[in-house]
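These notes concern the structure reproduced below.
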Amino acid sequence: MSKSAPTFVIRLQANLAPHPLARALRRSNRQTDCGRRALAYYLFDMQDRGVHQLIVFCPRNSCS
Numbered sequence: 027m028s029k030s031a032p033t034f035v036i037r038l039q040a041n042l043a044p045h046p047l048a049r050a051l052r053r054s055n056r057q058t059d060c061g062r063r064a065l066a067y068y069l070f071d072m073q074d075r076g077v078h079q080l081i082v083f084c085p086r087n088s089c090s
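Laid out in structure tokens, this is it:
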């Protein structure tokens, strides 16, 4: 009897506001193959809409 891998669903949402978009990017970056696809989707969406200008990314533990 073989064990199957648990099902994991990533729901993609277009036009997220800047902060939810930043959370989606971080979450997607932590995933593997499917996460990389989601990351590419969100990065393209961010670039396409110019939202990257509204999000401030800083190194871990250095933002308040």
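For the record, in the sequence shown the residue sitting at position 38 is 64 according to my numbering, with numbers rising by one throughout.
Glycine residues also receive a C-beta, built at the ideal position from the N, C-alpha and C atoms.
Item                                                                                                                                         : Value
Taking only the alpha-carbon atoms, compute the straight-line gap between Tyr68 and Thr33 and give it to the nearest angstrom.               : 22 Å
For Asn41, name the three-state secondary structure that DSSP assigns.                                                                       : coil
Can you give, in chain order, each stretch of the alpha helix (DSSP H) that sits fully within the stretch 49-84 and has at least 4 residues? : 59-75
Cα-Cα, which of Arg37, Val35, Ile36 and Leu51 is closest to Met72?                                                                           : Leu51
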